[in-house]
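Numbering (my numbering), first residue to last: 40 to 459. Every residue, glycine too, gets a C-beta built ideally from N, C-alpha and C. A quick note: this is a predicted structure, and the numbers were derived from the prediction, not measured. See structure below.
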Ligand SMILES: Cc1ncc(COP(=O)(O)O)c(C=O)c1O
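Below, the structure written as structure tokens:
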């Protein structure tokens, strides 16, 4: 059922529409590859989090989709931002997010990034190591500021997701072992330019079963209780993002209310504001990627459909063997065949779908790749010197280009002229 992906995505008389707009018309007007996002879907998702978690601070994880127009939608719905770089801070401020609603994680913050975030007076740094505490303390001292910090703890919980997006296990580079955390908190408390205000934890992404969240929350609450006993004033408990979304037609996914039912009982008796950092579950199913069939190629029993979107536009299939559902933009009664849907990039790993049943395609047909609003454009590149795609936002039958298609000249704007 299409509406299980996105209630604003539907076939009308055999033609695929998003929020009242025919996708073929958009592809013809703006060209392909084209990312199309549904505004109402994004708004609804943030509202779902706010309803499930009254009083919590919902910080949209900008890494999922950093287009400032998307961040601005999150802001309009009252969200803050979870950032992992100076660039994401810049985009969040550009979108109008209040610094007092920005939280900053990341294992490798640079000096320049730390200064920028301190000067911007963000809500808190989610610190991931002793060394980072020292650097933050020094820079804050130099700038005459006090840095608000949470320590990112690693609860050693298996989120049962792809290993590349599991972040809360002992072997991962993220956070501080929760068993070591008390020592690190005491150390942070001794540094005069830091103010310890919270606990941070993020166990992974595309999590489809809420039980690992319960385990992580219990461990975080134990730490909270120890910290309170030692006299720390913990104002925030940040349980990160990670809620999974529907990618496959037969797969169901938890909703924010399911997460709330699982973790809120664990937080009874905690006197700290809850912070959450959802990314994928806000924007993932807001977006489709439109692509046009270029060529068809048969190699014995193997059929290839070669389209104009490649791994440079959407890397998830190549990187995580991720499944993305693919639909024809115009339905047909042609017979179905099993094909590999591949891009134009010079890599065998350049595919959008493998062994997929699709109606027989013709040159010029349009396809829609679903569930690409998160980690789609954000992970795209110019590999093989292919300019990055255009992004368009639709709302109630209207559309707005929120990123022009790159031209070759844009790519070389930052390259000094050649001599001679
Ligand atoms: C610290 C942190 N917070 C939040 C997120 C967002 O996760 P998701 O998009 O799965 O909700 C991530 C993603 O990797 C993250 O590393």
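In the structure shown, residue 451 falls within a helical segment according to DSSP collapsed to helix, strand and coil. Of the residues assessed, residue 181 falls on the exposed side of the cut-off, its CB having fewer than 16 other CB atoms within 10 angstroms. If you look at residue 331, you'll find it in the beta strand (DSSP E) that goes 326 to 338. The beta carbons of residue 278 and residue 302 sit about 7 Å from each other, so the pair counts as a contact at 8 Å. Residue burial annotation: residue 374 is exposed, with fewer than 16 other C-beta atoms found within 10 angstroms of its C-beta. Shown here for residue 389: same chain residues with a beta carbon closer than 7 Å to its own, the five before and five after excluded, namely 349, 350, 357, 381 and 382 in chain order. By the neighbour-count criterion, in which a residue is buried when 16 or more other Cβ atoms sit within 10 angstroms of its Cβ, residue 285 is buried. 8 Å or more divides the Cβ of residue 161 from the Cβ of residue 116. Below 8 Å, too few C-beta pairs join the region 47 to 56 and the region 302 to 313 to call them touching: fewer than three. One Cα belongs to residue 156, the other to residue 289, and the distance between them is close to 43 Å. Annotation: residue 108 is outside any beta strand (DSSP E); the continuous alpha helix (DSSP H) that includes it extends over 107 to 115. Under the DSSP assignment, residue 298 falls in the alpha helix (DSSP H) whose first and last residues are 295 to 302. For residue 113 against residue 321, the beta-carbon gap comes to about 7 Å, under 8 Å, which counts as contact. Of the candidates 119, 153, 354 and 66, the residue whose Cα lies closest to the Cα of residue 174 is 153.
Close CB contacts of residue 334 within its chain, under the 7 Å cut and outside five residues either way in sequence, are with 345 and 402 (chain order). Under the three-state reduction of DSSP, residue 261 is assigned to helix. Ligand 1 has no heavy atom closer than 7 Å to the beta-carbon of residue 167. Taking C-beta atoms under 8 Å as the contact rule, residue 191 and residue 239 qualify, at a distance of about 4 Å.
In this structure residue 419 is buried. Its beta-carbon is surrounded by 16 or more other beta-carbon atoms within 10 angstroms. In this structure, 440 is the residue among 457, 450, 440 and 456 with its C-alpha nearest to the C-alpha of residue 106. Note that the C-beta distance between residue 213 and residue 146 is below 8 Å.
Shortest gap from the CB of residue 410 to any heavy atom of ligand 1: 7 Å or more.
Under the criterion of beta carbons closer than 8 Å, residue 121 and residue 326 do not qualify as touching, at roughly 19 Å. With contacts defined as CB atoms closer than 8 Å, residue 128 and residue 78 fail to qualify as a contacting pair.
Within 10 angstroms of the beta-carbon of residue 385 lie fewer than 16 other beta-carbons, which makes it exposed. Of the heavy atoms belonging to ligand 1, at least one sits nearer than 7 Å to the Cβ of residue 413.
Assignment of beta-bridge partners to residue 377 by DSSP yields 396. Counting along the chain, the unbroken beta strand (DSSP E) around residue 341 starts and ends at 341 to 346.
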